[in-house]
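In short: position in the sequence shown from 1, add 54, done, that's my numbering.
In what follows, a structure is listed as structure tokens, so that the remarks can point back to it.
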Amino acid sequence: MIYSKIAGTGRYLPARIMTNADLEKIVDTTDEWIRTRTGVERRHVAAEDQTTSDLCVEAAVIAMEDAGVTADDIDLIVVGTTSPDLIFPNIATLVQHRLGIHGCPAFSIEAACTGFLYALTTTDKFIRAGETKCALVIGAEIITKLVDWTDRATCVLFGDGAGAVIVKPSEEAGIMSCHLGADGQYKELLYYPVGASKDLHKAGVGDSRILMKGNEVFKVAVRTLGKVAQEALDANGIDKDDLDWLIPHQANLRIIQATAKRLGIPMEKVIVTVQDHGNTSAASVPMALDVGVRDGRIQRGHLILLEAFGGGFTWGSVLMRY
Ligand code: ACO
């Protein structure tokens, strides 16, 4: 039996940090409101001339070094993102070129905040099929360029970043299960109204911004994340107490706490980065994984449940031994 195993991790956050106090100067909000409603204290914001592939390359180099692999070893690149540099070519090919890699398949997956889990799950299939020996998988966003900075209901939530992992085949687990799902009926609750084939050239300032019914997203997110986690545990006959770490999508501390409570998992076993990163969409789970690995909490052999939920809605989980 071949498993996929994470051989190395990396993350990159843009240099500029925007605190809640900085936001108080831009919109009618307070540090107290943002902290109590979302748990966010600060977020990193990309520079005007930075693109998502820039962030990907930085995170990838760190992950490759951590795994002890070089550009010559990489034979698959998958990037989960909603904020690619260009409509085409796909961002994974831009990353491939920048890393000096030639010839291997390179593609992106768009599943909003679940993008990394979709990318990792897809990679797992390539590895199990015996087609891939060393994959670079990235979740990355510059979501702050999609935000309306006059809309206090959304601009306080998001941040930029990239998380990368190197995935290799292994005789021992490894990724034990992947579960993905989606339900397009919820599009109106969270979406971006402009795209390649819709209003791209008509859109003016104010049309291009994230539209969200926060309250309703919140409710479906908590319900779905609890169900997704339980589904992964049940499929593997694993009790929640056997989990070493839960790494949920970092959208909102209250969603994370409600999900952990629903599952009966103590917050000490949950990796939380939302206070420092904000909601970085597809980048949130791989960056949280990297934070846990690098600060020594996550050790080899630990049982970890990754889960995410995002626009679409899309959702997913990966249960793995690190
Ligand atoms: N500062 C101060 N007041 C604000 C702000 C702000 N930044 N934003 C909204 N308010 C006000 C509203 O205008 C409203 O005022 P009113 O009562 O006078 O009308 C009041 O605060 C309450 O607004 P709600 O939207 O009901 O506040 P809620 O407690 O639901 O929190 C939030 C809003 C944080 C967006 C929450 O609903 C949430 O986190 N939802 C989940 C959605 C999410 O995380 N989306 C991110 C992307 S999706 C994903 O990653 C899954």
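Where is the CB? At the ideal position from N, CA and C, for every residue including glycine.
Query raised in the report: Within 10 angstroms of its Cβ, does lysine 256 collect 16 or more other Cβ (buried), or is it exposed?
Result: Mapped onto the sequence shown, residue 256 falls at position 202. Exposed.
Query raised in the report: Is isoleucine 88 near the ligand ACO, judged by its Cβ being under 7 angstroms from some heavy atom?
Result: Here residue 88 corresponds to residue number 34 of the sequence shown, with the count starting at 1. Yes, Cβ of isoleucine 88 sits closer than 7 angstroms to a heavy atom of the ligand ACO.
Query raised in the report: Curious, which full-length beta strand (DSSP E) runs of at least 3 residues does the stretch 273-317 contain?
Result: 299-302
Query raised in the report: Is the number of C-beta pairs between the stretch 298-307 and the stretch 347-356 that are closer than 8 angstroms three or more?
Result: Verdict: yes, contact present.
Report task. Over the uninterrupted beta strand (DSSP E) stretch that includes tyrosine 57, give me the two end residues. Result -> Residue 57 sits at position 3 when you count from the first residue of the sequence shown. For tyrosine 57, the enclosing beta strand (DSSP E) covers residues 57-66.
Report task. Along the beta strand (DSSP E) that carries glutamate 86, what are the first and last residues, could you check? Result -> Reading the sequence shown from its first residue, position 32 is the one you call residue 86. That residue, glutamate 86, is in no beta strand (DSSP E); its alpha helix (DSSP H) goes 85-92.
Query raised in the report: Regarding isoleucine 309 and the ligand ACO, is the C-beta to nearest heavy atom distance less than 7 angstroms?
Result: In the sequence shown, counting from the first residue as 1, residue 309 sits at position 255. Indeed, a heavy atom of the ligand ACO lies less than 7 angstroms from the Cβ.
**Report entry** Simplified DSSP assignment, three categories, for alanine 183
**Finding:** Taking the sequence shown and counting its residues from 1, the one referred to as residue 183 is at position 129. In the structure shown, alanine 183 sits in coil (DSSP, three-state: anything other than H, G, I, E or B).
Query raised in the report: Whose C-beta lies closer than 6 angstroms to the C-beta of glycine 193 among residues of the same chain, with five residues either side of it excluded?
Result: Within the sequence shown, numbered from 1, the residue matching residue 193 stands at position 139. Around glycine 193: Gly134, Gly169, Phe170, Gly217, Ala336, Ala337 and Pro340.
Query - For tryptophan 369: DSSP bridge partner residues - result: The residue you call residue 369 lines up with position 315 of the sequence shown. Paired residues: Gly235 and Phe363.
Report task. Take threonine 208 as the anchor and find which of Ile80, Lys59, Gly249 and Ala69 has the nearest alpha-carbon. Result -> Residue numbering aside, residue 208 sits at position 154 when the sequence shown is read from its first letter. Per the Cα distances, Ile80.
Requested in this report: Can you have a look at serine 251 and say buried or exposed, based on whether 16 or more other CB atoms are within 10 angstroms of its CB?
Outcome: Numbered from its first residue, the sequence shown carries residue 251 at position 197. That one is exposed.
Report task. Starting from the Cα of aspartate 214, find the closest Cα among Thr368, Leu359 and Ile71 and give me that residue. Result -> Position 160 of the sequence shown, counted from the first residue, corresponds to residue 214. Checking every option, the nearest Cα to that of aspartate 214 belongs to Ile71.
Query raised in the report: Within 7 angstroms: the Cβ of leucine 244 and any heavy atom of the ligand ACO?
Result: Taking the sequence shown and counting its residues from 1, one reaches residue 244 at position 190. Within the cutoff, so yes.
Query raised in the report: Residues in its own chain within less than 7 angstroms of alanine 342 by CB, not counting five upstream and five downstream?
Result: On the sequence shown, position 288 is the one that residue 342 refers to. Closer than 7 angstroms at the Cβ level, and outside the excluded window around alanine 342, lie Ile301, Gln304, Ile325 and Thr327.
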